[in-house]
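Engineer:
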Amino acid sequence: MNILVLGSGGRESAFIKKIIESPQTEALYAAPGNAGTALWAENIPLDIENFASIKDFAIKKQIGMILVGPELPLVKGIHDYFLADSTMRDIKIIGPCKSGARLEGSKSFAKDFMKRAGIPTAAYQSFKSDQIESARVFLRTLKPPYVLKADGLASGKGVLIAENLQQAEEALEEMLLQKKFGSASETLVIEEFLQGIEFSVFVLTDGKNYKILPSAKDYKKIGEKDQGLNTGGMGAVSPVPFVEDALMRKVEEKIIIPTLSQLQKEKIPYSGFLFIGLMKVGDEPYVIEYNVRMGDPETEVVLPRIESDFVELLSSVAPKKLDEIKLKIKSEFAVCVMLASGGYPEKYKTNYPIEIGADIAAETYLFHAGSFVDELGTMRTNAGRVIAVTTLDPDLRTAIKKTYTQVDKVKFKDRYFRGDIGKDLLCI
Ligand code: AMP
Ligand code: GLY
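Numbering-wise (the numbering used here), the sequence shown opens with residue -5 and increments by one.
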């Protein structure tokens, strides 16, 4: 099969690596891709929001499957666009239609959906700009800290946690009246703060059957010990040691099954990945958010642990035959450290040459997140997050050590990374 992967981050590099390992893959393309995807696929300079150009390319190259990496094309309806055209019905899209993508595209929709399904999540209310007084009243019923979320997509920056009521009221005005996040904050969700430990669970579903993929923990803050600004993710670990069987069973029974049944009940066709961000409060899982795609850098630790043929797995989605697949997962720990440009997530410089030591261990995964090759053939940085380094080992402590040993072999000017990825999990 000829396959096209949309996106250009570390997540897409991990998809490409896994897809090229499958004997079912014939031609493999990444759009737009990066220097890492180019190692295994042909990069195509397509705009992933220009569905007409993706269609033309897909027809020309007889693409059988399109794996959509980021959320934006899904929220904008790429799957619906392909379904609406009878000439493209044979091209399978991995990712939900627009109606299902609202689980990520609108936080108030997602919260109302969870409420209808009885899924455990933080108490909340949603408000529009003409309801600012009611929002103030609701804030006063909550205890600090206060959680305020822009309803729409805001590149992972739309959540504000205010320490006191004054800060919360200021944030409320900034978001609702001054439209801090543009149209994304026309509606605001205010919710109760949940105290606990976060982890993520990933599901692949065909709308009828589902497979639970390995759990992962992401490190979202730029600084060690979770200090400082939020980023796209500075590292990840899979599996999460505190997610034991009993907790996973609760996640499946109280969250995964009710989510998928509610989608069916509401006649929302959903196929593809569902990424559930969770908080373990005491012994109970609560949903923090849904994403309608895989996580980045969580994919960089989840995929190396999948032993089954990934293309066979993805190919079972459209015919709704996921139940026929036996998912094999490696029991080893995967640890990923993200190498970033100094200054990220604020201002940073790019275009620095990337040096990869010849002594890098053969079993290291280098998933490029933001790199390109210049006209002289030099690999250079071109984003905030540059390369994700992943290694595996049966022992978590050894996996952490192995990853950091390899991190030292990938160099570029102003390189920044967190030195504490996974270390908190050794003492839980
Ligand atoms: P989200 O974009 O919804 O995942 O939120 C971003 C981050 O804010 C999460 O990863 C949590 O760390 C934090 N967060 C969101 N909602 C809550 C909540 N209700 N209680 C505590 N922390 C939260
Ligand atoms: N790493 C978090 C995300 O992909 O949303």
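We treat Cβ as the ideally placed atom computed from N, Cα and C, and that holds for glycine.
Going by the C-beta, is F187 closer than 7 Å to any heavy atom of the ligand AMP?
Structural biologist: On the sequence shown, position 193 is the one that residue 187 refers to. Yes - the ligand AMP has a heavy atom lying nearer than 7 Å to the Cβ of F187.
Engineer: Taking only the alpha-carbon atoms, compute the straight-line gap between K92 and G351 and give it to the nearest angstrom.
Structural biologist: The residue labelled residue 92 in the question sits at position 98 within the sequence shown. The residue labelled residue 351 in the question sits at position 357 within the sequence shown. So the alpha carbons of these two residues sit roughly 44 Å apart.
Engineer: Indicate whether the contact test is met: 3 or more Cβ pairs, each with one atom in the segment 223 to 231 and one in the segment 245 to 253, closer than 8 Å.
Structural biologist: As far as the Cβ criterion goes, the segment 223 to 231 does not touch the segment 245 to 253, which means the pair count is below three.
Engineer: With distances taken from CA atoms, which of P138, D50, L198, S309 is nearest L188?
Structural biologist: Walking along the sequence shown from the start, residue 188 turns up at place 194. Looking at the Cα atoms, P138 is the closest of the given residues.
Engineer: Mapping DSSP to helix, strand and coil, what is L40?
Structural biologist: The sequence position of residue 40 within the sequence shown is 46, counting from 1. Residue state, collapsed to three classes: coil.
Engineer: Beta-carbon separation of K70 and E43 under 8 Å?
Structural biologist: The sequence position of residue 70 within the sequence shown is 76, counting from 1. The sequence position of residue 43 within the sequence shown is 49, counting from 1. Cβ atoms of K70 and E43: closer than 8 Å.
Engineer: Distance, Cα to Cα, A129 vs L159?
Structural biologist: Residue numbering aside, residue 129 sits at position 135 when the sequence shown is read from its first letter. Residue numbering aside, residue 159 sits at position 165 when the sequence shown is read from its first letter. Rounded to whole angstroms, A129 to L159 spans 12 Å at the Cα level.
Engineer: Is the beta carbon of I191 within less than 7 Å of some heavy atom of the ligand AMP?
Structural biologist: The residue given as residue 191 occupies position 197 in the sequence shown. Because no heavy atom of the ligand AMP lies under 7 Å away, the Cβ of I191 does not count as near it: no.
Engineer: Report the three-state DSSP secondary structure of P208 (helix, strand or coil).
Structural biologist: By one-based count along the sequence shown, residue 208 stands at place 214. In this structure, P208 counts as strand in the three-state DSSP scheme.
Engineer: Indicate, with yes or no, if the ligand GLY has a heavy atom lying under 7 Å from the CB of D212.
Structural biologist: Here residue 212 refers to the residue found at position 218 of the sequence shown. Yes, the beta carbon of D212 sits closer than 7 Å to at least one heavy atom of the ligand GLY.
Engineer: How would you label T135, buried or exposed, when you count the other beta carbons within 10 angstroms and need 16 or more for buried?
Structural biologist: The residue labelled residue 135 in the question sits at position 141 within the sequence shown. Classification of T135: exposed, given that the 10 Å Cβ count is below 16.
Engineer: I'd like the span of the beta strand (DSSP E) that includes V(-1), first residue to last.
Structural biologist: Residue mapping note: residue -1 aligns to position 5 of the sequence shown, counting from 1. From DSSP, the beta strand (DSSP E) with V(-1) extends over -3 to 1.
Engineer: Once you ignore the five residues that flank H362 on each side, which residues in its own chain have a CB closer than 6 Å to its CB?
Structural biologist: Walking along the sequence shown from the start, residue 362 turns up at place 368. Cβ within range, chain order: S7, N28, A29, G30, I381.
Engineer: State buried or exposed for L223, treating a residue as buried only when at least 16 other CB atoms are found within 10 Å of its CB.
Structural biologist: Looking up residue 223 in the sequence shown gives position 229. Under this definition L223 is an exposed residue.
Engineer: For a quick check, are the C-beta atoms of C330 and E301 less than 8 Å apart?
Structural biologist: Locating residue 330 in the sequence shown gives position 336, where the first residue counts as 1. Locating residue 301 in the sequence shown gives position 307, where the first residue counts as 1. In this structure, E301 does not lie closer than 8 Å to C330 by Cβ.
Engineer: Less than 8 Å between the beta carbons of G99 and V62, yes or no?
Structural biologist: Within the sequence shown, the letter at position 105 stands for residue 99. Within the sequence shown, the letter at position 68 stands for residue 62. Contact: no.
Engineer: What are the boundary residues of the alpha helix (DSSP H) that includes F107?
Structural biologist: To locate residue 107, count along the sequence shown from 1; it is residue 113. F107 -> alpha helix (DSSP H) spans 101 to 111.
Engineer: If you run the structure through DSSP and keep just helix, strand and coil, what is G413?
Structural biologist: Working through the sequence shown from its first residue, we reach residue 413 at position 419. It is coil, neither helix nor strand.
Engineer: Straight-line CA distance for F9 to G58?
Structural biologist: Indexing the sequence shown from 1 puts residue 9 at position 15. Indexing the sequence shown from 1 puts residue 58 at position 64. Approximately 16 Å between the Cα atoms of the pair.
Engineer: Could you name each continuous alpha helix (DSSP H) segment of 4 residues or more that falls completely within the segment 325 to 402, going from the start of the chain to the end?
Structural biologist: Whole alpha helix (DSSP H) segments, 4+ residues: 390 to 401.
Engineer: Should A52 be labelled buried (16 or more other beta-carbon atoms within 10 Å of its own) or exposed?
Structural biologist: As a first step, residue 52 must be located in the sequence shown, where it is residue number 58. Looking at its Cβ environment, which holds 16 or more other Cβ atoms inside 10 Å, A52 is buried.
Engineer: Does the Cβ-Cβ distance between D387 and A393 come in under 8 Å?
Structural biologist: As a first step, residue 387 must be located in the sequence shown, where it is residue number 393. As a first step, residue 393 must be located in the sequence shown, where it is residue number 399. For D387 and A393, yes; Cβs fall inside 8 Å.
Engineer: CB-CB under 7 Å to Q119, same chain, minus the five flanking residues each way: which ones, in chain order?
Structural biologist: Mapped onto the sequence shown, residue 119 falls at position 125. Closer than 7 Å at the Cβ level, and outside the excluded window around Q119, lie F132, I184.
Engineer: Which same chain residues, not among the five before or five after D74, have their C-beta less than 7 Å away from its C-beta?
Structural biologist: By one-based count along the sequence shown, residue 74 stands at place 80. These residues qualify, in order along the chain: C91, K92.
Engineer: Identify, in the order they occur along the chain, each residue of the same chain with its Cβ nearer than 7 Å to the Cβ of A148, setting aside the five sequence neighbours on each side.
Structural biologist: Numbered from 1 along the sequence shown, position 154 holds the residue referred to as residue 148. Around A148: F175, A178.
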